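Structure, as structure tokens:
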Amino acid sequence: MNEMQNIYLAIPLLPLIAAAVVGLFGRFLPRAAAHVLTIAGVGAAFVLSALVFKDVLAGHTFNGPVYTWLTSGNTSFEVGFQIDSLSAMMMVVVTFVSLMVHVYTIGYMHEDPGYSRFFSYISLFTFSMLMLVMSNNFMQLFFGWEAVGLVSYLLIGFWYTRPTAIYANLKAFLVNRVGDFGFLLGIGMVLYTMGSLDYQAVFSVAPQFADATVELIPGHPWQLMTVICLLLFVGAMGKSAQVPLHVWLPDSMEGPTPISALIHAATMVTAGIFMVARMSPLYELSTTALSTVMVIGAITALFMGFLGIIQNDIKRVVAYSTLSQLGYMTVALGASAYSVAIFHLMTHAFFKALLFLGAGSVIMGMHHDQDIRNMGGLRKYMPITWLTSLVGSLALIGTPFLSGFYSKDSIIEAAELSTIPGSGFAYFAVLAGVFVTAFYSFRMYFMVFHGEERFGKAHHHEHHGDHADEEATTDHHHGLAPGQKPHESPWVVTLPLVMLAIPSLIIGYVAIEPMLYGGFFNGVIFVNPEVHPAMHHLAHHFHGAAEMGLHAFTSLPLLLAASGVALSYFFTMKRPDIPEAIKHRFHGIYVILENKYGFDSFNEKVFAGGSRWIGDKLWRYGDVQIIDGTLVNGTARLIGRLSGIIRNLQSGLIYHYAFAMIIGAFVLLTFFMKA
Amino acid sequence: MDYPILSYSIWVPILAGVLVLATGNDKNANVSRWLALFGSIASFLVTLPLWTRFDRNDGGFQLQEGANWIPAFNIHYHLGVDGIAMPLILLTSFTTVIVVLAAWEVIQKKVAQYMAAFLIMSGLMIGVFSALDGILFYMFWEAMLIPMFIVIGVWGGPNRVYATIKFFLYTLLGSLLMLIAFIYLYHQTNSFELVDYYELQLPMTAQLLIFGAFFMAFAVKIPMWPVHTWLPDAHVEAPTGGSVVLAAIMLKLGGYGFLRFAMPIAPDAANYLSGFMIALSLIAVVYIALVALVQQDMKKLIAYSSISHMGFVTLGMFIFNPLGMEGAMVQMISHGFVSGALFLSVGVLYDRMHSRQIKDYGGVVNTMPTFTALAVLFAMANAGLPGTSGFVGEFMVILGALQANFWFAVFAATTLIFGAAYTLWMVKRVYFGDIGNQHVAELKDINKREMLILGVLALMVLGFGIYPQPLTEVTHATVNQLLTHMAQSKLPGM
Chain A
1 MNEMQNIYLA
11 IPLLPLIAAA
21 VVGLFGRFLP
31 RAAAHVLTIA
41 GVGAAFVLSA
51 LVFKDVLAGH
61 TFNGPVYTWL
71 TSGNTSFEVG
81 FQIDSLSAMM
91 MVVVTFVSLM
101 VHVYTIGYMH
111 EDPGYSRFFS
121 YISLFTFSML
131 MLVMSNNFMQ
141 LFFGWEAVGL
151 VSYLLIGFWY
161 TRPTAIYANL
171 KAFLVNRVGD
181 FGFLLGIGMV
191 LYTMGSLDYQ
201 AVFSVAPQFA
211 DATVELIPGH
221 PWQLMTVICL
231 LLFVGAMGKS
241 AQVPLHVWLP
251 DSMEGPTPIS
261 ALIHAATMVT
271 AGIFMVARMS
281 PLYELSTTAL
291 STVMVIGAIT
301 ALFMGFLGII
311 QNDIKRVVAY
321 STLSQLGYMT
331 VALGASAYSV
341 AIFHLMTHAF
351 FKALLFLGAG
361 SVIMGMHHDQ
371 DIRNMGGLRK
381 YMPITWLTSL
391 VGSLALIGTP
401 FLSGFYSKDS
411 IIEAAELSTI
421 PGSGFAYFAV
431 LAGVFVTAFY
441 SFRMYFMVFH
451 GEERFGKAHH
461 HEHHGDHADE
471 EATTDHHHGL
481 APGQKPHESP
491 WVVTLPLVML
501 AIPSLIIGYV
511 AIEPMLYGGF
521 FNGVIFVNPE
531 VHPAMHHLAH
541 HFHGAAEMGL
551 HAFTSLPLLL
561 AASGVALSYF
571 FTMKRPDIPE
581 AIKHRFHGIY
591 VILENKYGFD
601 SFNEKVFAGG
611 SRWIGDKLWR
621 YGDVQIIDGT
631 LVNGTARLIG
641 RLSGIIRNLQ
651 SGLIYHYAFA
661 MIIGAFVLLT
671 FFMKA
Chain B
1 MDYPILSYSI
11 WVPILAGVLV
21 LATGNDKNAN
31 VSRWLALFGS
41 IASFLVTLPL
51 WTRFDRNDGG
61 FQLQEGANWI
71 PAFNIHYHLG
81 VDGIAMPLIL
91 LTSFTTVIVV
101 LAAWEVIQKK
111 VAQYMAAFLI
121 MSGLMIGVFS
131 ALDGILFYMF
141 WEAMLIPMFI
151 VIGVWGGPNR
161 VYATIKFFLY
171 TLLGSLLMLI
181 AFIYLYHQTN
191 SFELVDYYEL
201 QLPMTAQLLI
211 FGAFFMAFAV
221 KIPMWPVHTW
231 LPDAHVEAPT
241 GGSVVLAAIM
251 LKLGGYGFLR
261 FAMPIAPDAA
271 NYLSGFMIAL
281 SLIAVVYIAL
291 VALVQQDMKK
301 LIAYSSISHM
311 GFVTLGMFIF
321 NPLGMEGAMV
331 QMISHGFVSG
341 ALFLSVGVLY
351 DRMHSRQIKD
361 YGGVVNTMPT
371 FTALAVLFAM
381 ANAGLPGTSG
391 FVGEFMVILG
401 ALQANFWFAV
411 FAATTLIFGA
421 AYTLWMVKRV
431 YFGDIGNQHV
441 AELKDINKRE
451 MLILGVLALM
461 VLGFGIYPQP
471 LTEVTHATVN
481 QLLTHMAQSK
491 LPGM
């Protein structure tokens, strides 16, 4: 067993060491050293994770400390690992996608002056994410939680000379901090009420607190578990970009595309989903919390999908699709179908990373033009990118037998079978979301890969918002010059696409039965079937992956998806005038979508502006005027005036002074003797 | 290796300072520099055995030294340290080395005097942390201010006289009240021994008055809202070294004073007034953070940030649980490194650009990438990122505060948002973006000396962030003892 423990330790440390070496000494090393070292680190971590996964399947789990971080009073904070089916699966997914992104980056960033810095950051991210998923306690979870936030901050602002990038990274960090604010309070409540931050210790005593109440506002007893779960969920809302803390994710597209794939689609943003699934023994104790989770997820799934419809920036379409899919996972959590949420997390990691990397390949082929209105017909020039993107899109919209179908359909069924308040709305939202997803995904697909070749002409530069072109610092091109044709990307870019396309195709079919119904998460994810029966019923309806795929052809979701694809085909390929007409006819709705429901301007005005306004007033009136102006300088002036009078006492005669001193001493002493 | 460590810790830097002073004028400035460096390193080395020889299971005073000083008034030269004082002494001697190095080629006028001031100040501050006699403490307390006034008054900015006088007036009132409290306590016990005061039973009125007197002395130093306005002015006018010592050590003297005097001598008053102290602390955390958000001057911003962070120290102390109190200790030590590093970073920029205004910068990363990497690390530590020392104290205090009252923790935890907002907004405007102007374009990245200073601090910040256990280990016993002591009423007849 000791050998395995060394492996556990090596998995996060190898990427960390690679990141540190490349980050500190990258300048002194040849350029290739950056990717060789980091790929070696992450590659080894992936192989070891696969070994651990195999070991876990064989029934060997582990839970133990690495070192004691801190002790205070009776509380001990430890750094430790919990290796079970959930963490082992996450480790494999994280290291695999990370490895693919590392390879891809060789091609994508090869001209960038920040080459080694970029590799250092993504390896550091891999370390942080591994620490998060491998943790056996809340403290380390919080460490990983914030550390991935840090790397996300560094990578969104990777091109630090761009005003939009450094605006976006500050925004991302602060919005995440709002989530962490709730998260930390939740952790504090756990420690205070249950006396430990160790997962197993907390989970084992949690049932005793099922009926406990807490009066945060005197006279209003609230269920303790609801309070804890909601506070923790605020953290998940930040990290996993749920409404209303979703605002940072679309802007995070300012970062280079490889990290949009790794961090802002496949791994980091799923941390919130992972966390809630990990905390299932707590969430199961509060139906109120689960209802809230479900409704928030449903709102995110549907309303963020709408925004994807009107985007013309290839990365933003995929970003809104990510938001919407995160909403799906959250709905599954709310329905107590934690394993389904994790299942969708896994399939989504593959096909969304694929879609983002495919988008990046398109962007390279287009010489860093991201506007899909300038594309069209690319399938001729970029066949591998085209085919793999098609696989990704089909998986995303839930085509039977592809990975996304199994996970998404299970979510829809779970929402249907759930009985908690809000499940009706959630079912409607995820169902309608299927149509929306299919529509915007294939609108993008058709506009990019099919139809008229619109590149190489005069561009219409209507970038959304304040969005600048990629790699402005290094690449003088922007878009294709007239007559220029797009070109397929080098093999380091296409290989990861193919490698990701394979699991996007088959992983759902292979994994659904063992993961959802085969007891894979036994003892890890806890569901109370009496109160939350959705998962229980789901198991009854399931008769094998093949049957589920066949059954889909008679079901509503596939009809919705197909009509979404058909409609997008009609609008983009046949009658492109209709969307324009709709845009004019329903201008009001278009403006609302264009402004992203006004969240950004509201936050900018009320929260950012409000804080600055209050700060300014506190400073100007509180500090400068009242404390300094009136009290401090006022006292000085008063003393100045008084001393004018008292100056008369300065007679210069020693006996006057001696007399005053004696009297004064007597007064003080009598005062204190009485006291 | 058996020597009176504490006396050496106090007098080696003072003697070194006197020696540096003797090298006289700027003709042999290099002699002064090297002598000061050796002096500060020697002073740091003599304090190191404090760490190794300290008994971590003993919560009382250790390594005591005593001698009669003024027998007529029963005044003793009595030194000793416990788990609260010891880390602060090491922080002091460490910071002095940093400050001497930081001044190396920056200070060109009156080099010997500048270096000497810091060496002497270091010895006096260690005296404050180790004195166990009221009068001895008071002497060190007042004496250490003199070099600081000189440093700000001589090497300071254009408005230094106003800043010095404001600093002086603020401090003077509190100090005098503290002296009266000591005289009163002497009157009660016929002793200036601290341990006698700990045992002394006092009626509530007396406790409240004593607590009030100490409060005036220590709250100004920390500084707590609303007696904080001297600090931004002092920082803005002080030279870099002055700011570093002010932030890294002098502010801690206030926190130390509460733990050493106000709380154990007047525990009932401390309990009685804890709500008031917590309220002031939370105001500092929230109000000052908002004020920091709108500052245009980098030093002012960091000064306000310091006040906000020190709010965690007082909050942790007055919630009376081990997590809070040890968190306060960790926060003090961590803030010593982080705020020191932040002021040094501003110094690095100021030496090159002669401006502290945020608007005069922009895109520094383009010309100073190594420096920016370090500056971002310190900024993150200031924003309390896990993995840096800045996180540990805040985390502990927030968790501790929640056990006292949920809403204390809510207010305290806003620092997650506001602390990140003011720090990273400054980082964005100063370091990121396109090159702001011609002067930024001509900046040179940090040299080896600056790299060494900031690098060492970076290691400390990361080290204590990843493994804070050694730090809390030394404070455990003392904090437990203090909390036990605080829980017992000292009202007569109880």
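Line by line, the protein sequences are chains A and B.
Per the UniProt record's numbering, the very first residue in the first sequence carries number 1; after that it's consecutive.
Per the UniProt record's numbering, the very first residue in the second sequence carries number 1; after that it's consecutive.
Heads up, the beta-carbon is just placed ideally off N, CA and C, and yes, glycines get one too.
Quick caveat: nothing in here was measured; it's all calculated off a predicted structure.
- Query: In chain B, which residues lie less than 7 Å from I166(A) when you measure between Cβ atoms?
  - Reply: The residue given as residue 166(A) occupies position 166 in the first sequence. Simply K428, F432, G433.
- Message: Which same chain residues end up closer than 7 Å to T68(A) when comparing Cβ atoms and leaving out the 5 residues on each side of it in sequence?
- Response: Here the question's residue 68(A) lines up with position 68 in the first sequence. The answer, listed in chain order, is S76, E78.
- Task: Locate the beta strand (DSSP E) running through N159(B), then write down its first and last residues.
- Result: Mapped onto the second sequence, residue 159(B) falls at position 159. N159(B) -> no beta strand (DSSP E), and no H or E assigned at all.
- Task: Would you check if the distance between the CB atom of V243(A) and the CB atom of I299(A) is smaller than 7 Å?
- Result: Numbered from 1 along the first sequence, position 243 holds the residue referred to as residue 243(A). Numbered from 1 along the first sequence, position 299 holds the residue referred to as residue 299(A). Yes.
- Query: Using Cβ-Cβ distances below 8 Å, what residues of the region 491-522 of chain A are close to chain B?
  - Reply: none
- Task: Please compile the residues from chain B whose C-beta is within a distance smaller than 8 Å of the C-beta of A298(A).
- Result: As a first step, residue 298(A) is located in the first sequence; it is residue number 298 there, counting from the start. Within chain B, no residue comes near A298(A); the closest Cβ sits about 27 Å away, beyond 8 Å.
- Relative to the alpha-carbon of D2(B), which residue among V128(B), F38(B), V46(B) has its alpha-carbon at the smallest distance? Indexing the second sequence from 1 puts residue 2(B) at position 2. The shortest Cα separation from D2(B) among V128(B), F38(B), V46(B) belongs to V46(B).
- Item | Opening and closing residue of the alpha helix (DSSP H) in which A379(B) lies | Indexing the second sequence from 1 puts residue 379(B) at position 379. 369-382 is the span of the alpha helix (DSSP H), which, as asked, contains A379(B).
- Task: In angstroms with no decimal places, state the Cα-to-Cα distance between F215(B) and L668(A).
- Result: Your numbering for residue 215(B) matches position 215 in the second sequence. Your numbering for residue 668(A) matches position 668 in the first sequence. Near 19 Å, if we compare the C-alpha coordinates of L668(A) and F215(B).
- Task: Have a look at the DSSP bridge pairing and note the partners of L72(A).
- Result: Numbered from its first residue, the first sequence carries residue 72(A) at position 72. Just to set this straight, residue 72(A) is Ser in the shown sequence, not Leu. T75(A).
- Query: What whole-angstrom Cβ distance do G80(B) and Q481(B) have, given they're in contact under 8 Å?
  - Reply: On the second sequence, position 80 is the one that residue 80(B) refers to. On the second sequence, position 481 is the one that residue 481(B) refers to. The beta carbons of G80(B) and Q481(B) sit about 14 Å from each other, so the pair does not count as a contact at 8 Å.
- Run through the region 406-468 of chain B for me and flag every whole alpha helix (DSSP H) of 4 or more residues, listed as ranges in chain order. Correct list: 406-413, 415-430, 438-441, 448-466.
- Buried versus exposed, by CB contacts within 10 Å (16 or more), G41(A): Locating residue 41(A) in the first sequence gives position 41, where the first residue counts as 1. With 16 or more other Cβ atoms within 10 Å, it is buried.
- Task: Using DSSP bridges, identify the partner residues of T79(B).
- Result: Taking the second sequence and counting its residues from 1, one reaches residue 79(B) at position 79. What sits at residue 79(B) in the sequence shown is Leu, not Thr. Beta-bridge pairing links L79(B) to E65(B), A131(B).
- Contacting positions in the region 323-347 of chain B - beta carbon closer than 7 Å to chain A: L323, E326
- Leaving out the 5 sequence neighbours to the left and right, which residues in its chain are closer than 8 Å to Y287(B) when beta-carbon positions are compared? Taking the second sequence and counting its residues from 1, the one referred to as residue 287(B) is at position 287. Closer than 8 Å at Cβ, skipping near neighbours: W225.
- With distances taken Cα to Cα, identify the nearest neighbour of A247(B) among Y186(B), G340(B), L208(B). On the second sequence, position 247 is the one that residue 247(B) refers to. With distances taken between Cα atoms, A247(B) lies closest to G340(B).
- When DSSP builds the beta bridges, which residues end up paired with S135(A)? The sequence position of residue 135(A) within the first sequence is 135, counting from 1. Beta-bridge pairing links S135(A) to F81(A).
- Item | Counterpart residues of D371(A) in DSSP-defined beta bridges | For the purposes of this step, residue 371(A) is identified with residue 371 of the first sequence, where counting begins at 1. The partner list for D371(A) (beta bridge, DSSP) reads D313(A).
- Could you tell me if Y115(A) is buried or exposed, where buried requires 16 or more neighbouring beta carbons within 10 angstroms of its beta carbon? Locating residue 115(A) in the first sequence gives position 115, counting from the first residue. By the 10 Å Cβ count, Y115(A) comes out buried.
- Task: Give the residues of chain A in contact with T423(B), contact being defined as C-beta atoms less than 9 Å apart.
- Result: Mapped onto the second sequence, residue 423(B) falls at position 423. Contact of T423(B) with chain A by beta-carbon distance below 9 Å is absent, the smallest such distance being about 10 Å.
- Query: With distances taken from CA atoms, which of L202(B), T171(B), H228(B) is nearest Y186(B)?
  - Reply: On the second sequence, residue 186(B) is found 186 positions in, with the first residue counted as 1. Looking at the Cα atoms, L202(B) is the closest of the given residues.
- Count the other CB atoms within 10 Å of the CB of H348(A); is the residue buried (16 or more) or exposed (fewer)? Translated into the one-based positions of the first sequence, residue 348(A) becomes position 348. By the neighbour-count rule (16 or more Cβ atoms within 10 Å), H348(A) is buried.
- Under the assumption that S240(A) contacts G272(A) (Cβ atoms under 8 Å), give the Cβ distance between them as a whole number of angstroms. Taking the first residue of the first sequence as position 1, residue 240(A) is located at position 240. Taking the first residue of the first sequence as position 1, residue 272(A) is located at position 272. Contact flag correct, Cβ pair sits at about 3 Å.
- Cβ pair count under 8 Å reaching 3, the region 479-492 of chain A against the region 398-411 of chain A: no
- Terminal residues of the continuous beta strand (DSSP E) containing E215(A)? Position 215 of the first sequence, counted from the start, is the residue given in the question as residue 215(A). From DSSP, the beta strand (DSSP E) with E215(A) extends over 213-217.
- Residues of chain B with a CB under 8 Å from the CB of R612(A): which are they? Looking up residue 612(A) in the first sequence gives position 612. Simply L293, V294.
- chain B contact residues for L163(A), given Cβ-Cβ distances below 7 Å: Working through the first sequence from its first residue, we reach residue 163(A) at position 163. The amino acid occupying residue 163(A) in the given sequence is Pro; Leu does not appear at that position. Neighbours of P163(A) in chain B, taken as residues at a C-beta separation under 7 Å, are given in chain order as G433.
- Spatial neighbours of P12(A) in its chain, beta-carbon cut-off 6 Å, leaving aside the 5 residues before and after: As a position in the first sequence, residue 12(A) is number 12, starting the count at 1. Cβ neighbours of P12(A) beyond the five flanking positions: F127, L130, M131.
- Are the C-beta atoms of T189(B) and some chain A residue less than 7 Å apart? The sequence position of residue 189(B) within the second sequence is 189, counting from 1. No, T189(B) does not count as interfacial toward chain A.
- Query: Are the beta-carbon atoms of A265(A) and T322(A) separated by less than 7 Å?
  - Reply: For the purposes of this step, residue 265(A) is taken as the residue at position 265 of the first sequence. For the purposes of this step, residue 322(A) is taken as the residue at position 322 of the first sequence. Going by C-beta atoms, A265(A) is nearer than 7 Å to T322(A).
- Item | Cβ-based neighbour list, V285(B), same chain, cut-off 8 Å, excluding 5 preceding and 5 following | Working through the second sequence from its first residue, we reach residue 285(B) at position 285. Hits under 8 Å: S308, G311, F312, L315, F411, A412, T414, T415.
- Query: What's the C-alpha gap between S361(A) and Q370(A)?
  - Reply: Your numbering for residue 361(A) matches position 361 in the first sequence. Your numbering for residue 370(A) matches position 370 in the first sequence. C-alpha separation (whole angstroms): 11 Å.
- Compare the C-alpha of G275(B) against each of S345(B), G455(B), F408(B) and name the closest. As a first step, residue 275(B) is located in the second sequence; it is residue number 275 there, counting from the start. Residue F408(B) is the option with its Cα nearest to G275(B).
- Start and end of the beta strand (DSSP E) containing W222(A)? Indexing the first sequence from 1 puts residue 222(A) at position 222. Per DSSP, W222(A) belongs to the beta strand (DSSP E) from 220-223.
- Message: Is it buried or exposed, P256(A), if we count other Cβ atoms within 10 angstroms and call 16 or more buried?
- Response: For the purposes of this step, residue 256(A) is taken as the residue at position 256 of the first sequence. Buried, by the Cβ-count rule.
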